[in-house]
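What follows is a short report on a single structure.
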Amino acid sequence: MFFKFNKFRLISFIFLAILVIITFSKPLFENDSNGTIVTNWFLVVVMVVAWIIMLIDNLMTKEE
Amino acid sequence: MSISLIVLILYLLLCIGIGVYANKLQKKGTTNDYLTGGKDVSAFVNGVAIFAAFATGGTMLGNMGLSYAGGWGYITAYNAGVACGYLFTAFFLAKVLRNMNVSTVPEFIRVRFNNKALNIIVPLILIGTLTAYLVAQMKVGGLLGERLFHIPYGWSVVLIGLVYIFYTAYGGMKAVTLTDFIQGLLMIAVVIVVGAIAITKGGGVGDLYSVAQEIKPEWTKTDGFPYIAYIGGFLVWMTVNAVLPHTVMRIFSAKTEKAGRVSLTIGIFMYVVTAIITCIFVVAMTIILNQGQALSDNDAAFLLFLDQAVPEFIKALAYAGIFAAVMSSVSAMLLALGAALAYDLIGTIKPDFPEAKKRKFVPIAIVGFGILTLLLSLNPPALLTLLYSAAMGLLASGLFFPVVLGIWWKRMNSIGALVGTVLGSVSYLVLLWGFELPSLSQICYSLPISFLGCVIGSLVSAPPTEKDLHRVTIAHEREYLESDQI
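Protein chains in written order, with the numbering used here: chain G, 258 to 321; chain D, 1269 to 1754.
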């Protein structure tokens, strides 16, 4: 039904998607840590994690 | 003559020189070479160029204004969307698009679905949305020229317009990539230097942040915008990245498929660094300098910081950096616009249009669109921000799922792509103009509608034949060659 996915990419993207869902969850959006809403910190984490995943993929995956 | 104006003139002359140099390099190339830069751009150059093309005048000014006025979380939702969009493009689109040997997104749609209506609708969506995007950027450039260099708005627009139309039309993707590379280096240098100044003046990262938070507590909260606007902002910038032609075309200009992916990784790194430094550290210092007072023009937050905290020479470089942000984006978009008309639309209407004529026609189309957008920018529409945001939402709503499912789902056919494109685009426009919804939240509804349109349209009509899937199937394994034609 689908073309074959690269396992690392699929799993890491699902992981990132779950992180995004948690980031935008109401409890994080409505509560703060030291005055800063937790969602704000998580959004920074999402950006950095996305970059780290891409970096790992570049190291793992050769020319396709 | 002020130091700022001298730096600007030197910078514009450099852009013109690069255009001439790029033209000499690829005089004998094909249309594809002209649109992809000959596919020999290294990963580093391409990565910096990707960053420069994506980081617009809005990134340098508007994002900081949004952070100052509405809190840094909202604009960080946009930026997190951009980062995830780069990852999505690198993981799920780059390899197949590159291996299919296509030059533009509409060309992918044509090759994969071969549907006459789609072949006309998709380039038209691109031409409409990119024109709105381009005019918005040119307006920013004109206002900046007026504000920073005291050049009247109209002359400012004409000056930027003539320079970037020249090097884009004359040098093609090669010139756009090389100028974007220089512009990207200038922009990241400015970001790092002003970030270091903000942190040093603020007494270190911790003190800078906590003092700004104490002065303006709402800056670290999420009360400035409704909850769904955060999700909408994230979704628009994640999904539009996958179909924004001036990002996707960079994958084609890289030397190899891996170089394309590495470029995106470099681009995302520079974008994330810029997002954190500008929207958090520089804005924190601006809050301290202005005691958190409301600004008459939020987009001027960065300019206020430059006036109050930065030496004259750095300020001149920063001004050139902001100009660079505008020009790098408009040149990449103009190239995509010329390609959408001459390569995709004319290619569909007149499939037997000779290659030699096509090669000559693309630069003419670029000049034509350049002059059109220049004229529109001289007298820009009042609701430009709305148009620009709508353009990005429309592009993502209409094309994201047809492209992604077209690459990965074997059952996806031309009817599904057509229904998904039309339902996604129309529902977005109806929600935008017919209902009072928070900014960018329309996509939270139009994207699922497009997805359902693609799936239902495909399932109720005949599945694609082996011939329909031939090229995309090969592209999942290796590069498609002319000898693979059936």
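Just so you know, even glycine gets a beta-carbon here, dropped at the ideal spot from N, CA and C. Here the structure is a predicted model, which is why all the values come from computation and not from measurement.
A Cβ-Cβ contact shorter than 9 angstroms links G1330 of chain D with D1567 of chain D. Below the 7 angstroms Cβ cutoff, chain G contributes no neighbours of L1476 of chain D, its closest Cβ being approximately 14 angstroms away. The Cβ-Cβ distance between M1455 of chain D and G1353 of chain D does not fall below 9 angstroms. Interface flag for K264 of chain G against chain D is unset, since no Cβ pair is found closer than 9 angstroms. Here the alpha carbons of M258 of chain G and V1403 of chain D stand approximately 42 angstroms from one another. A Cβ of chain G is located within less than 9 angstroms of the beta carbon of K1678 of chain D. Restricting attention to D:S1270, D:G1315, D:L1392, D:I1286, the CA atom closest to the CA of M1538 of chain D is found in D:G1315. When DSSP states are grouped into helix, strand and coil, D289 of chain G belongs to the strand group.
With contacts defined as CB atoms closer than 9 angstroms, A1320 of chain D and S1597 of chain D qualify as a contacting pair. Using a Cβ-Cβ cut-off of 9 angstroms, M311 of chain G counts as an interface residue toward chain D, since at least one Cβ of chain D sits closer than that to its own.
For M317 of chain G, none of the residues of chain D pass the 9 angstroms Cβ criterion, the least Cβ distance being about 11 angstroms.
L285 of chain G and V1504 of chain D have their C-alpha atoms spaced approximately 21 angstroms apart. Taking CB atoms only, F1719 of chain D has no neighbour in chain G less than 9 angstroms away. Chain-order list of chain D residues neighbouring I294 of chain G: G1341, T1488, K1489, T1490, by C-beta distance under 7 angstroms. DSSP places I1683 of chain D in the helix class (H, G or I) of the three-state scheme. Leaving aside the five residues that flank P1494 of chain D on each side, the residues in its chain whose CB is nearer than 8 angstroms to its CB run, in chain order, P1706, S1709.
F299 of chain G sits in a helix when the DSSP states are folded into three classes.
Residues of the region 1491–1521 of chain D that bring their beta carbon within less than 7 angstroms of a beta carbon in chain G comprise Y1495, Y1498, I1499, in sequence order. Out of D:Y1748, D:E1414, D:K1678, the CA that lies nearest to the CA of S1726 of chain D is found in D:K1678. Residues of chain D with a Cβ closer than 8 angstroms to the Cβ of F272 of chain G do not exist; the shortest Cβ-Cβ separation is about 11 angstroms. Exclusion of the five residues before and after G1429 of chain D leaves L1642 as the residues of its chain whose Cβ lies within less than 6 angstroms of its Cβ. Taking 3 residues as the minimum length, the region 1392–1457 of chain D contains no beta strand (DSSP E) run wholly inside it. Judged by DSSP in its simplified three-state form, A1730 of chain D adopts coil rather than helix or strand. At least one beta carbon of chain G lies nearer than 9 angstroms to the beta carbon of Y1354 of chain D.
Between G1349 of chain D and M1601 of chain D a beta carbon distance of about 19 angstroms is seen, past the 8 angstroms cut, so the two are scored as non-contacting. Under the Cβ distance rule, H1738 of chain D does not count among the residues neighbouring chain G, no pair being separated by less than 9 angstroms. As DSSP reads the structure, F259 of chain G sits in a beta bridge with D:W1677. Close to N1347 of chain D, with beta-carbon spacing below 7 angstroms, are these residues of chain G in chain order: M304. W308 of chain G and I1536 of chain D have their C-alpha atoms roughly 7 angstroms apart.
Check the Cα spacing between F1668 of chain D and each of D:M1680, D:T1689, D:Q1294, D:A1659: the tightest is with D:T1689. Neighbours of P1716 of chain D in chain G, taken as residues at a C-beta separation under 7 angstroms, are lacking, since the least C-beta distance is about 15 angstroms.
Non-local C-beta neighbours of T1542 of chain D in its own chain, meaning closer than 8 angstroms and more than five positions away in sequence, comprise F1319, A1323, T1327, M1455, I1456, V1459, ordered along the chain.
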